[in-house]
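Visitor:
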Amino acid sequence: MALRRGRNAGATPVSKGGNRVAGRRWALVLVLLSADAPAPATDLPGLRPGLRPVQALDRPVRISLARAIELAATKLEGARCREVFSDFRDQRGRTLQENLETTGLAGAAHLRALTFASGRFHGDCKLSNVLALATPGRQTIYICGPQFLQRERLDPGFTAALLIHEQLHALGLGENPPHSQEITARVISRCGR
């Protein structure tokens, strides 16, 4: 990348080929994104346009995540799978289905509307068996890149179920109880693998 000299010094950086690279390159680097603007067709599903200062997911992880989001969303289009939202309650005693209804979105649309960010600096992502994590009621799911990528390649159905599991946390589900394995097992029993 080079900077312009002379009359336009300090102007937008350009690549050696002369193309402007400012905003679009930073959008890729910063990753995730505001719900206000519609996603360009080239964006990955589930990754909304706009800018939020979060750690970017590596390209192979974004591609793997996009596949898992689409598989999970397809599963959530089935009536049996959607029953998983009625299987659990938040700490206030409301079903996750009730919480989902307050968003005005169907299950698949809600999953796609969540923010997905790198969990690279999250301590739990240093554990080899942790693929993703979320805080109850928060709309960001942190992806543990290397583990998620490897598992998605080996068992795409499991990673799709895991994203639905994390979506349940985004809708307010706590953990312990129910135990993490119990949540995932329920998702798999309702939605398949």
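Numbering (our numbering), first residue to last: 36 to 228. Glycine is no exception: its CB is placed at the ideal position from the N, C-alpha and C atoms.
1. For R186, name the three-state secondary structure that DSSP assigns.
2. Buried or exposed: where does G158 fall if 16 or more other Cβ atoms within 10 Å of its Cβ makes it buried?
3. By DSSP, does A107 sit in helix, in strand, or in coil?
4. Which residue marks the beginning of the alpha helix (DSSP H) containing A144, and which one marks its end?
5. Rounded to the nearest angstrom, how far is the Cβ of S153 from that of I178, given a contact under 8 Å?
6. Spatial neighbours of E201 within its chain, please: C-beta separation below 6 Å, excluding the five flanking residues on both sides.
7. Closer than 8 Å by C-beta to L111: which residues in its own chain qualify, once you throw out the five before and the five after it? Chain order, please.
8. Does the distance from the CB of G180 to the CB of R155 come in under 8 Å?
Guide: In terms of the structure at hand:
1. Here residue 186 refers to the residue found at position 151 of the sequence shown. Here R186 sits in helix by DSSP.
2. As a first step, residue 158 is located in the sequence shown; it is residue number 123 there, counting from the start. Classification of G158: exposed, given that the 10 Å Cβ count is below 16.
3. Taking the sequence shown and counting its residues from 1, the one referred to as residue 107 is at position 72. Note: A107 maps to helix in three-state DSSP.
4. Taking the first residue of the sequence shown as position 1, residue 144 is located at position 109. For A144, the uninterrupted alpha helix (DSSP H) segment begins and ends at G142 to A148.
5. Looking up residue 153 in the sequence shown gives position 118. Looking up residue 178 in the sequence shown gives position 143. Between S153 and I178 the beta-carbon gap is near 6 Å, inside 8 Å, which marks them as a contact.
6. On the sequence shown, position 166 is the one that residue 201 refers to. Here the set comprises A167, A169 and I176.
7. As a working note, residue 111 is residue 76 in the sequence shown. Excluding residues within five positions, the ones whose Cβ falls inside 8 Å are R117, A141, G142, A143, L146, I199 and C226.
8. On the sequence shown, residue 180 is found 145 positions in, with the first residue counted as 1. On the sequence shown, residue 155 is found 120 positions in, with the first residue counted as 1. Closer than 8 Å, so yes.
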